[in-house]
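Below is one structure; the comments refer to it alone.
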């Protein structure tokens, strides 16, 4: 599953937009980016209205990297949502290989599993 595919899932698109909305309230407006959908393709739009195609080999600003982290976490969750222990073990293995500590995405992944176990309707399109 790639970024364009995962963004077609309603809860993912809504989650990224909610994250962006929270960021807009916390940061200066010139740092704000937005996810937009044009003709079934998803883009990142910056404050100067430039559009950047969301693709798996993207690099960018801190805001963009946070969005990509959310998308990667959602892709991982979709792959392992019915096998949370396997998914968590694979996630930990990936973190160790990368040498980074992603508390933000780890917490997001835990919350996705919790939401899935409590109310699966959140994930319905």
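Residue numbers (this note's numbering): 2 to 126. Ideal Cβ positions, reconstructed from N, Cα and C, are used throughout, including at glycine. In this text the structure is predicted, and so the values were computed from the model without any measurement.
In the three-state DSSP reduction, residue 14 falls in the helix class (H, G or I).
The three-state reading of DSSP puts residue 38 in strand, counting E and B together.
Per DSSP, reduced to three states, the secondary structure at residue 45 is strand. Per DSSP, residue 53 is one residue of the beta strand (DSSP E) stretching across 52-54. Rounded to whole angstroms, residue 40 and residue 6 show a C-alpha spacing of 14 Å. Residue 44 has its alpha-carbon roughly 6 Å from the corresponding atom of residue 52. Just measuring C-alpha positions, the residue of 42, 33, 116 and 3 sitting nearest residue 83 is 116.
Counting only the Cα atoms, residue 122 lies some 16 Å from residue 75.
The C-beta of residue 119 has fewer than 16 other C-beta atoms within 10 Å across all chains shown, which makes the residue exposed. Taking C-beta atoms under 8 Å as the contact rule, residue 71 and residue 17 qualify, at a distance of about 6 Å. Relative to the Cα of residue 20, the nearest Cα in the group 59, 80, 105 and 85 belongs to 105.
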